[in-house]
Each structure stands twice: as C-alpha cells, then as structure tokens.
Amino acid sequence: MRSLFIKWIQQMKDQELRYVGILGFFLLTANLLAAASFTFTPKMILFVLIQALICFFFAIRIRHLRLNSIEQEEKSKQLAYLAYHDTLTGLPNRRLFEDRLKRVLLHAQRYDQLAAVVFLDMDRFKEINDSYGHASGDQLIRLAAERLLGCLRGSDTVYRQGGDEFIILLESFTKPEDVRAVAIRIQNVLDEPFILDGKTVTITASMGIALYPLDGTKPEQLLQRADEAMYEAKNHENNRFQFYASDIDTMVKSKAHMENELRLALEQEQFELRYQPQYEIADRKLIGTEVSLHWEKGSKQLSKLMDWRKAADELGFMVPIGKWAFQAACRQMRDWQNAGQEPIRMTFTIKSSQFKDDHFIAHIADVLQETGIDPCLVELDLTESITSSNVQEASKKLTMLKKLGVRIAMDDLCTGLFTRSGMEGMPLDSVKLDSTLIRDLVDDDENQLLAAAIVRMAHRLGLKLIAKGVETEEQFEYLKFLQCTEVQGKLFSSPLSSGQFLTLMTKKN
C-alpha cells in the first residue's frame, strides 16, 4: 500500500500542471452549474473569476518550483559526475577507479578468475608538449583516451592518473596470454598517427602489468607493482610492455614465440610423422602402427620453455596440425600399398580440440575418399576424458565415425572410470592400457588388479585390448598371462621414420 502511495506522489510531481488544470476545470464547471441555478449577478461572476485566477496562480507557482527542482537535479548530477570523473578526458577519476578496482577483485576472487592492472605511460609526451604547446598536449590526451576506450571491453575501466599516465583495469580473464593480447591491441591503436591542429603526431607507450592474484591480492599492491613493471619496461626501450613477475613475463613471451614458430611450422610443413609398430601378443606379428607427430625445432629449441603439443592445443593450432597429419599419414599408407606392401592398421591419437571441431568427421571422410584407404585400416584413438565430458554428444559422433567404417579405440583407462554401463553406449573396437599402468605392472598389486579388471571387461564387451609402453620382457609375459591381445613399446621399437618403418615391413615380408 505504501509503495502505491509513493508511486502516486511521484506521478503527481511529474504531472502537476495537468492535475491543476483538471482541478481548475472542475471548479469552473461547478461554479457555472451553481451559477445556472441562480440569477447571474456581478458578485457571482467575480467569484468564479477569482477562483480561476487562483488556479492559474497555483499552476504557475508549481511549474516554477518544478523547473527549480529539475535544475537542482541537473546541477547535482553534474557535481556528482565531476566528483568521479576527470575534467579533461571524462574518464573515471581515482575515487571511482578505486571503487571499481575493489569490486573487480571481489568478483575475480568469487569466480576464481584473473584480473589485471595495466599502468600506461606515454613515451616522449613532454617533447610533444614543448613542441606543439599544452593545448595540443591536452588534445592528444583526449584522443588517446578515446582510442583506449574504443579498443577495450565495456566492462574494463580506463583511469587517467594524471599528465600522460593512464591506469587500465581488465577483469574476467583465465590466463595471462589474454592480457598480453589486450596489451598488443593497445599498442596497435596508439601506434596509429594522431592529427593535432592539422599536424601528424605519432606516439608510443610503455606499460607495466600486474595480475590478481598472482602479483598481489590488495588494490595498493597491484597498483604499485604495475607501476614498477612499467618503469622496468621503460628502462629497456620505448613501446614495450612487461609483466611484474619475471616468470610470468618469460612464460608469456615464450608462448608468443611458440605461437609464431607454430604458425611458421604449419605453413612450411616442418612437422614429421613417426610410426611406432604394434604387435600381436600371441606370435609377435606386426599388425599396425601408431602415428605420432614430431617437430624437430619444438623438441629441441623450445622444449625447455614448454611442451609444444600442449601449447599448440591451447593456442588453437592442433586442429589444423591434426588435419595435416591425418592426410599425410593416409597418403603415406597409400604409397606403401602401391609399392606392394601388405596393408596394416594405422592408429591416430585424437585431441579433444580435434574431436570437438565441427568439420572433424567431414575431414576424415574427405581424406579417406581422396586416398582410397580402406576405412577399417584407420583407428582413431581417443582419451576417456574426451567422451566422458558429454557422453550423449560423444556417442553420436562416434556412431557417425563408425558409419564411415573406421575403428575406435579408447585410451587412458587406467586413470578413468571403466564401467560396463559407461562403455556399452560407445561404439568401440578396442581399449588401451596406458603406459602409466604398465610401468609398475609386475611389482604393483593394485596395478595388477586394475589391469586384470580392464582385461576381463574388454573381453566381456568383445573389444581388443592394446597395452602401451611395454619396455621389459617381464611386462610382456604378464600381459600375455592376462590375455591382453596387442602390445607396443620400446621392447619392440621406438617410433620410426617412414623410411625406417618401410624397412621393418619389408623385413617382415
């Protein structure tokens, strides 16, 4: 009831002239009706006119008060805006920025995300001020502020610290490389020439970056460390950005270097395929090969920095690299068959990003049609984590792959949940015992029990069982005792080049 009353009062304030006019109309009508019942006298007419004038006076007075109220509201809004914004650029001032910084850090803490404070200082701004005057310097600051706002998200905040210094608050990130991408975008927009009074001016900026919670959890810590990182960047050279933590800075630079190297490797096809032989346990007969990717530069020069395969997956290169590898391996298989070699099975390890790609199945079909390879000689090896994230969707995709005629193998079962109910819906042909399970198989009772359970389950479901990473005769004999069907590992051979594998097949024949 109270809310309705408040709403009515507000409506009365907004429509006072209309209500006063209606009131005057009813008063006038009432007087006219009253006058109609009596004799029209000068006194009666004067009385009606006085009432009309009183209504008009109140209408004018209320309108005047309303205009004064609107003017006061506008002044209050303007004062509130000036209290929280920079007069030159219109950007948030320190008071508003600190409030937003606290809110962003609370949000990052709640949702386990990264936030970044970027301290930006224009290089050689004093020279522009001295050469073109302070008015041009102010114009440059305003234009730079507009560009910064234009290249950031609406949720990010730009604050003018003073002079030519800005502080940028970035929220809701998952990895430092995302912040690096924003820093590069800021560099690019500031690199574009500015027009000041018809003259072309170019500037650069130095930036320091502090990350929450890696470099600090309190606002003052992040601001101080971003400032320190900015001065460190400026001491080295202009137009540079740097993370506060040296290890993060190194990691981000390494990933940037890795990204460039991977792009070049994909364009120039620097990757090489290696083939690891697979054998039947019963008679040690060569029955297939597992295809693996090898990159000489990634393995030697970049291995100290990070695993190039993991980086390729994170950076989005694994899908195009995987397409190249599958096509190259199928063409190699066709060349071997054309040379008179007996067809053997080829197993390809599929990453999660490849399996989720919308064109994954279509690409498999296109390559099989192009090369004329018998689909039953192609086996796709997927980890259990790929299919367990969305069982229904994975099962649908696997069914479509089975219609193409390819084989499906499930890997990493020693670390996953291997149950009959979870596997029955999957159109599988074989499962794999991972090398981590095989490593301690002979001496570890728990590994033996788990391996035996997986073997029994595979036999019950009519699946072939392949053991990976077999390195000793003891492991081989134990797997034979468990009735495992196929093996691969260093006991037989490390991954071979295409020429070495051709020699192996020739000897077999």
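To convert a position in the sequence shown, counted from 1, into this note's numbering, add 11.
Using N, Cα and C, we set each Cβ at its ideal position, and we do this for glycine too.
Nothing here was measured: the structure is a model prediction, and the numbers come from that model.
Rounded separation between residue i and residue j - CA only
i      : j      : result
Gly427 : Asp392 : The predicted model places Gly427 with a pLDDT of 45, which falls under 50 and marks its position as unreliable, so this point remains unresolved.
Gln527 : Leu225 : Because the chain in this structure spans residues 12 to 520, residue 527 falls outside the shown range and cannot be described.
Pro438 : Pro204 : 60 Å
His470 : Leu476 : 8 Å
Lys407 : Phe366 : 12 Å
Gly219 : Ile465 : 53 Å
Asp440 : Glu381 : 24 Å
Asp132 : Asn246 : 12 Å
Asp294 : Val481 : 16 Å
Lys334 : His374 : 7 Å
Phe282 : Thr300 : 18 Å
Leu409 : Ser183 : 35 Å
Asp208 : Val200 : 20 Å
Lys413 : Phe337 : 17 Å
Arg418 : Gln289 : 15 Å
Ile139 : Ser257 : 33 Å
Glu157 : Ala221 : 23 Å
Arg191 : Ile298 : 48 Å
Asp451 : Asn458 : 7 Å
Leu117 : Arg251 : 30 Å
Thr185 : Leu125 : 6 Å
Met421 : Asp175 : 58 Å
Thr98  : Leu275 : 48 Å
Val378 : Leu151 : 56 Å
His268 : Gly165 : 30 Å
Phe371 : Trp306 : 23 Å
Beta-carbon contacts of residue i that lie in its chain and below 6 Å, excluding the five residues immediately before and after
i      : result
Pro506 : Arg285, Gln287, Ser303
Leu273 : Ala323, Phe328
Gln511 : none
Arg196 : Cys162
Thr213 : Pro204
Where residue i falls, given that 16 or more other Cβ within 10 Å makes a residue buried
i      : result
Cys341 : buried
Cys387 : exposed
Lys11  : Nothing can be reported for residue 11: it is not among the residues displayed for the chain, which extend from 12 to 520.
Val453 : exposed
Ser217 : buried
Ala127 : buried
Leu102 : buried
Gly173 : exposed
Asp202 : exposed
Chain B contact for residue i (CB, 8 Å cutoff)
i      : result
Ile292 : Reference to chain B is not applicable here, since this structure consists of a single protein chain.
Contacting residues, own chain, Cβ-Cβ under 8 Å from residue i (five flanking each side not counted)
i      : result
Glu484 : Leu502
Thr514 : none
Ala194 : Val129, Met218, Ile220, Phe252
Residue i - containing alpha helix (DSSP H), residue span
i      : result
Pro331 : 329-349
His118 : 105-121
Pro230 : 230-247
Gln486 : 484-492
Leu125 : Note, Leu125: premise wrong, no alpha helix (DSSP H); beta strand (DSSP E) at 125-134.
Phe366 : 363-367
Three-state class that DSSP yields for residue i in the structure shown
i      : result
Thr168 : strand
Leu515 : helix
Thr300 : strand
Gly227 : coil
Pro386 : helix
Phe503 : coil
His374 : helix
Met357 : strand
Ile178 : strand
Gly219 : strand
Val193 : helix
Ser441 : strand
Gln289 : strand
Own chain, CB closer than 7 Å to residue i, minus 5 neighbours either side, in chain order
i      : result
Glu188 : Val263, Lys266
Ala237 : Val128, Val129, Phe130, Gly219, Ile220, Ala221, Tyr255
Extent of the continuous beta strand (DSSP E) to which residue i belongs
i      : result
Gly144 : No beta strand (DSSP E) contains Gly144, which DSSP labels as neither H nor E.
Ala478 : 475-478
Thr211 : 210-212
Phe205 : 205-207
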